[in-house]
Amino acid sequence: MSAIDNLPPLREVIATHQLSARKSLGQNFLLDLNLTAKIARQAGDLTGCDVLEIGPGPGGLTRGLLSEGARKVLAVEKDTRCMPALEEIAAAYPGQLEVINADALEIDPLQYLTPPVRIAANLPYNVGTELLVRWLTPKDWPPFWQSLTLMFQREVAERIVAQPGSKAYGRLAILAQWRADAKIVLSLPPGAFTPPPKVSSAVVHLTALPEPRFAADAATLSRIVAAAFNQRRKMLRASLKGAAKDIEEHLAAAGIPPTERAEQVSLEAFCALARSVKAAA
Ligand code: SAM
């Protein structure tokens with residue numbers, strides 16, 4: 043019996059179902075159920091919420107989410123070997139856990155979920171950033187989710203919360219902070235995982251804002267930010283030359299010196315620039 047439920051400890055689950063970790067699937071498991079419950083608590087009040095979990099593996103975080111009172115957990119796992127272990131959890135929480143054996147990049151989970159929805163995951167590192175970008179760039183805003191509570195490599199977590207003037211500041215910071223509040227809520231050393239990864243990890247919590255922090259057209263902002271950070275060492279008048287006609291005029295309209303580099307420009311100023319470019323298009 044474990045600390046948070048009546049199911050067996052995770053080491054036993056892994057031994058019973060022979061879930062040796064596979065590098066190709068980004069498998070670094072969390073086996074401490076007190077820790078997975080702590081991560082689940084960072085996701086906010088789960089009662090009355092459906093929770094989408096990507097990559098449950100042997101189910102440590104899944105059990106944390108259920109023990110914290112999630113109305114329902116939809117767990118999407120690519121590794122078929124994990125299904126029997128996850129079915130055991132489903133049996134212990136009747137009607138509360140739905141497991142889908144699929145690649146998270148290929149399915150649309152919306153049809154299985156009822157709002158309000160929160161997303162929580164110890165993401166496979168190989169697909170984590172791609173999923174985050176998808177969740178941050180839907181066609182309409184607000185998105186289908188209220189919050190994202192996600193484990194990343196520390197370096198990626200720092201890029202999500204980065205502020206102007208830092209090396210980590212770039213496209214991911216702008217994408218995340220334009221329409222969400224983002225903060226690092228937990229740091230984990232490699233030894234928290236089995237097997238331990240090479241680098242430290244961190245949990246980032248993002249809350250969707252009801253509307254973007256500053257007005258801007260999403261496609262224009264995205265194009266400008268991509269161009270600006272693609273050549274981050276160049277002055278903006280050079281890096282943005284191909285991004286819009288009369289770029290120096292737009293920079294002036296947005297109050298950005300043409301000699302500035304992308305790293306120094308605030309989110310608000312990038313949005314002002316996108317508005318000026320869009321208005322002239
Ligand atoms: N959540 C578990 C935990 O905290 O111990 C496992 C985390 S492990 C870092 C990542 C999990 O994602 C693995 O179980 C892996 O099989 C799964 N996974 C990898 N790629 C996936 C994909 N494209 N779609 C769904 N699951 C995936």
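When we follow this note's numbering, the leftmost residue of the sequence shown carries the number 43, and every step to the right adds one. Where is the CB? At the ideal position from N, CA and C, for every residue including glycine. Nothing here was measured: the structure is a model prediction, and the numbers come from that model.
Checklist entry - At a cut-off of 7 Å, is F194 close to the ligand SAM when judged by its beta-carbon and the heavy atoms of the ligand? => result no
Checklist entry - Mind checking whether A234 and V203 have CB atoms under 8 Å apart? => result no
Next on the checklist: Quick test of your reading: I96 and V245, contact by CB under 8 Å. State the CB separation rounded to the nearest angstrom.
Outcome noted: Taking 8 Å as the upper bound for CB-CB distance, I96 and V245 are not in contact here, some 14 Å apart.
Next on the checklist: Using a Cβ-based criterion (distance less than 7 Å to any ligand heavy atom), does K120 qualify as near the ligand SAM?
Outcome noted: yes
Next on the checklist: Within 10 Å of its beta-carbon, does D92 have 16 or more other beta-carbons around it, so buried, or fewer, so exposed?
Outcome noted: buried
Next on the checklist: Nearest by alpha-carbon distance to E54: which of L75, K65, Q69, G68 is it?
Outcome noted: L75
Next on the checklist: Only counting the same chain, and skipping five residues up and downstream in sequence, which positions put a Cβ closer than 7 Å to that of I298?
Outcome noted: If the five residues before and after I298 are omitted, its C-beta is found closer than 7 Å to the C-beta atoms of L278, V307, A311, L315, all from its own chain and listed in chain order.
Next on the checklist: For a test of the three-state rule: what should DSSP assign to E290, helix, strand or coil?
Outcome noted: Three-state result, E290: helix.
Checklist entry - Got a sec, what are the start and stop residues for the alpha helix (DSSP H) N10 sits in? => result The requested residue 10 does not occur in the structure, where the chain is confined to residues 43 to 323.
Checklist entry - Is the CB-CB distance between L293 and I216 below 8 Å? => result no
Item to check | Cα-Cα separation between P237 and E253, rounded to whole angstroms | outcome: 40 Å
Next on the checklist: For the ligand SAM, I want to know if G68 counts as a neighbour, meaning its beta carbon is within less than 7 Å of at least one of the ligand's heavy atoms.
Outcome noted: Yes, the Cβ of G68 comes within 7 Å of a heavy atom of the ligand SAM.
Checklist entry - Is N164 near the ligand SAM, judged by its Cβ being under 7 Å from some heavy atom? => result yes
Next on the checklist: Here's a check: name, in chain order, each residue in its chain whose Cβ is nearer than 6 Å to the Cβ of L230, leaving out the five neighbours to either side.
Outcome noted: S243
Next on the checklist: Please tell me whether, using a cut-off of 7 Å, the distance from the CB of T146 to the nearest non-hydrogen atom of the ligand SAM is below it.
Outcome noted: Per the sequence presented here, residue 146 reads as Ala, with Thr not at that position. Yes - the ligand SAM has a heavy atom lying nearer than 7 Å to the Cβ of A146.
Item to check | Selection from E290, A304, V267, F256 that minimises the alpha carbon distance to R275 | outcome: Nearest of E290, A304, V267, F256 to R275, Cα basis: A304.
Checklist entry - What distance in whole Å lies between the Cβ atoms of W183 and R221, which are believed to be in contact at a cut-off of 8 Å? => result 6 Å
Checklist entry - When you compare only the Cα positions, how much space is there between S109 and A261? => result 40 Å
Item to check | Three-way DSSP call (helix, strand, coil) for A163 in this model | outcome: strand
Next on the checklist: I'd like to confirm something about F71: is its beta-carbon nearer than 7 Å to some heavy atom of the ligand SAM, or not?
Outcome noted: Because some heavy atom of the ligand SAM lies under 7 Å away, the Cβ of F71 counts as near it: yes.
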